[in-house]
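Numbering (the working numbering), first residue to last: 58 to 1296.
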């Protein structure tokens, strides 16, 4: 495209050329609107808030003269031009000049050379022939670098002004151009400028950069040089049309505003050099019909042509003003108690990190999640200093006064009150602050409560609502002659949560969700929002919220009953009764039955402010009358303590003080605090009565050098009302001389410590060649005994002695048919059956087998027995040639008597052999010839027992345990050993594992896999193989996957957590994927799986998804919070188990500090900067208070609990991770299987 304007000269010369692609008139109009928008849309707060729509609408007015970029440039530099013209910088120059000798004061080298050429040997003789001589003359010159630039700048300006005056119409050649042109033209004709040389584009000198006027000229010069380049930007028609489109939008906004459309406040970005006005977001309007409409959809044809500007705002300016700044739209009264017209709101918004707009004059605002809104109250509680400065700028612009009196909520602690006082004093000469409760009683000074009904020592409860909580403050008046008045004593301020039903009703009334209501309440309490947002609209996504009369009525009908609170007060304070209790409420939504009080008063916001004013009037009059400082009220300071690892160290407790400015009052402190060695700074977290309430200050003790030893200190504390630092605290060593006395700094806590905090250290990994493990695996035949030494017996044909229930006998074909022995390859010392065996005799261990249950066991189709070979301690004797020697007794049983040699044939004894002494009675017959027996010596004679027919093959076993069905025995010893031997990724394939044990283990593995389907209690077997899953490899994951697809009834699937290993291979990840997506596995089971996995292998938590770890971490905290809230059920075994594995999981997550120690944002999430961690801290303290006992799998060694021995080890270890930067490292000595016994 060639038909466009390239230079400023063409812009002026082609002003009336309609053939251009881009019209010059459009360019001038665009520049005019951009400059005008810039000038008026940031008028009130140049450095604190962005260009915005409200200021544009507030300050817009039609102007006859149009402005362009050149005029904008000249307006910024005009005053500097005039100043430099009259005060040009000069420099001293030296010139060679011929002067009469009598006037010469100085000569240079040139003068000496001139003299040397003259005849004569003296100066007098050399000058004899000449009346003048060559000398030096000094004078001031304006030929400086900065003046060369200045003159060149004026010549350029004159050139552009001539272009405008010659080519443009009068509305674009306003007075400033003509005036400047005349002045510049006259100045440039000055003869003195002839010595100023031409500017040669030198780098700027110090004067150009440091002198404010020359600096403005230098900046304007650079802008002027870019003027043609800037004009050329209009050659892009697409970009230009976008910019013109925004200007057209501004015109449409003005017209729409004249037709009663309302526009929510919006920030804009203005870039003059690029001729840009950028919208933060698409412009939306609220139509007269109260509907949201896009600006693009508003038809110009339906709008008026002219914008009706609002009436100008009225700002307050009085000598003395009393108010309550903790409101959106504060009520203000002057010293005559006249209510002043305050139309604006103390409100601003943040749209992005550096994008702020004031909403004080707004009729509507966006109220979305991505836009944060701030009131005075919200900003005071915010830790960001910049936000507080911004809100204070709004306050001081709207309220101008010499003396500012303000009430504040009683719930503020002295640190917050101090912050309030300090910030207000930056803007006002004199500031006086007063609790709302004291202002309340001076509101009622003329009320009957004082004149007729109030008596000495009666009680007033002042109720308020702050931060979604009911607050109530006790006042008690006392007559004191020395003050000729009541002295009010302000006691505690308590807080109570408001029932959720109240807020649910509000959500329904306002048609907002809980998060939107939370954001509204962060600005102020709902009644104040009604007053502050009168005739005000909030745009919440696609809906409009306004407090119309219908909504206001519904809100006022939604009331809070405080009867229970008053009941509690009466119960806890015997001196308060319904007959001496007066109730004052500062919120109209509070109700109570009249039987609870003597008098009841509701105070409106204007009444409270008048009470604040009345108090200061009375105080001033009494001070003048008595000519001394008069006390009208006393204060009981709120509780203040230092947070210890567990519990608190009391600094202030039930301490009464007098609110007198600049008067220091001492506060006694009992006890001592020890400063830990090795640190040059100690930080102490401060807590109030309710430890959940944050105090944003911390006590900091600093030293020049790190302490060489632990130093015990006593504490000295004083309080000064109204001071910037209300508390002064000193640490004084009891014995040490390392330092004398150190003052505590009260530092606003921007954040809690999050670096270099403690974390759990996984126990050292023991290898197979460690002495302890070698000792364990040396008994390899005993390890899997509960698996290898078992028999499965069919009970259909079992022979059990019914009376004694002492043994089981199997014989002949029954052995082949009824006994299953699948483990023949194991225990070499266990004599297994072979094909010739025709007698099996199993003795029962009465200690481990309950006889009362034996008959029940036998009802099963199969029983399982774990047994050893019978350990015979008696002498074994073999006897032959008995055939035909047997006789029968009266019971028809065989017996015989004989003599035999024993003890190596040295002793002959008489023996009585009876059929009853045979293991199997039927083996004794008339033809029995050879036998084997045990000799038992008892009471001087030998008895025969366990007699066998030597023609038959016997197996004699000793049964240790017996269970019904084909089941493995739960073996605590085996579980504990597997837990220990195979922890932390240990495998039998490790190089240091002994070959014997490896072979033994692989045989066990093979047999378990071969017979897996035979076992009924697969739950227990799965537990075993999960503990040793690494050596089972893919076979394990196939089994696990099968159980995950279909979980059997009463099957503990959480043991799969032990099989997740270090979470490094695809099988482990696939298994967890199945766990995560399984609908059959609930949250508690998933948490228990993770709790088992994180302490099974040290690398699991490193390889696992960090975000998912945190997700379960935060969910677990809420779970434990629920458990605490149901503390009466804590003794239930299942709930206690849940608590234990959840706490073990929580503790493991702190290990992530070790792996992500350079990720500051993540470290903050695992510190007290995270609200959830603060909740966790409270949960732990509640558990300690409940004296809960926890038997954790994590065992700790040599923990120094510093007097807190009542705290369970696990809880103390977690406390150290949260708030134990001064504590010694806590080491985990062992990870056992405690807690798994009942799996």
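All residues carry an ideal CB built from backbone N, CA and C; glycine is no exception.
Please read these numbers as outputs of a predicted model, since none were measured by experiment.
query                                                                                                                                                                               : result
What does the alpha-carbon distance come out to for the pair residue 849 and residue 934?                                                                                           : 32 Å
Can you give me the C-alpha to C-alpha distance between residue 1219 and residue 1139, rounded to a whole angstrom?                                                                 : 28 Å
Helix, strand or coil for residue 860 per DSSP?                                                                                                                                     : Bear in mind that the predicted position of residue 860 carries a pLDDT of just 43, short of 50, making it too unreliable to give a figure here.
What three-state label does DSSP hand residue 521 in the structure shown?                                                                                                           : strand
Tell me the DSSP secondary structure of residue 1082 in three-state form.                                                                                                           : helix
Does DSSP classify residue 1289 as helix, strand or coil?                                                                                                                           : coil
Quick check on residue 727: does DSSP put it in helix, strand or coil?                                                                                                              : coil
Spatial neighbours of residue 285 within its chain, please: CB distance less than 6 Å, with the 5 preceding and 5 following residues excluded, ordered by chain position.           : 64, 65
Is the segment 101-113 touching the segment 292-301, taking contact as three or more C-beta pairs under 8 Å?                                                                        : no
Starting from residue 436 and walking both ways along the beta strand (DSSP E), at which residues does that stretch end?                                                            : Element bounds for residue 436: not the beta strand (DSSP E) but the alpha helix (DSSP H), 433-437.
Find out if the Cβ-Cβ distance for the pair residue 667, residue 500 is shorter than 8 Å.                                                                                           : yes
Are the CB atoms of residue 1148 and residue 1199 within a distance shorter than 8 Å?                                                                                               : yes
State the DSSP-derived secondary structure class of residue 565, mapped to helix, strand or coil.                                                                                   : helix
Can you tell me where the beta strand (DSSP E) holding residue 691 begins and where it ends?                                                                                        : 690-694
Am I right that residue 766 and residue 734 are in contact with their C-beta atoms under 8 Å? What's the rounded C-beta distance?                                                   : 5 Å
Does the contact criterion of 3 or more C-beta pairs under 8 Å hold for the segment 108-115 versus the segment 341-349?                                                             : no
Cβ atoms of residue 455 and residue 639: under 8 Å apart, would you say?                                                                                                            : no
Count the other C-beta atoms from every protein chain shown that fall within 10 angstroms of the C-beta of residue 678, then say buried if there are 16 or more, exposed otherwise. : exposed
What residues in its chain sit with their C-beta under 7 Å from that of residue 278, if we drop five residues either side in the sequence?                                          : 206, 210
Work out the CA separation of residue 1267 and residue 1190 for me, nearest whole Å.                                                                                                : 18 Å
My understanding is that residue 468 touches residue 523, with C-beta atoms under 8 Å, so please give their C-beta distance in whole angstroms.                                     : 5 Å
Strictly by DSSP, which residues pair up with residue 934?                                                                                                                          : 990
Can you look up residue 202 in the DSSP assignment and give me helix, strand or coil?                                                                                               : helix
Counting C-beta neighbours from all protein chains within 10 Å, is the total for residue 723 16 or more, i.e. buried, or is it exposed?                                             : exposed
Any idea what DSSP makes of residue 636, helix, strand or coil?                                                                                                                     : coil
Comparing alpha-carbon positions, which option in 237, 160, 244 lies nearest residue 134?                                                                                           : 237
State the start and end residues of the unbroken alpha helix (DSSP H) segment that holds residue 1218.                                                                              : 1217-1222
Looking at chain C, is there any beta carbon in it that lies within less than 8 Å of the beta carbon of residue 1221?                                                               : Checking the listed chains, one finds no chain C in this structure; it contains a single protein chain.
How about residue 617 and residue 527: are their beta carbons less than 8 Å apart?                                                                                                  : yes
Go to residue 770, then tell me how far its beta strand (DSSP E) extends in each direction, as first and last residue.                                                              : 768-777
Near residue 459, what residues of its chain come up, given a Cβ to Cβ distance below 6 Å and the 5 sequence neighbours on each side ignored?                                       : 376, 486
Between which two residues does the alpha helix (DSSP H) carrying residue 1231 extend?                                                                                              : 1228-1242
In whole angstroms, what separates the C-alpha of residue 1202 from that of residue 1151?                                                                                           : 7 Å
Considering Cα atoms alone, identify which of 321, 967, 276, 922 is closest to residue 592.                                                                                         : 321
To the nearest angstrom, report how far apart residue 325 and residue 615 are at their CA atoms.                                                                                    : 40 Å
Could you spell out the range, first to last residue, of the beta strand (DSSP E) harbouring residue 924?                                                                           : 919-926
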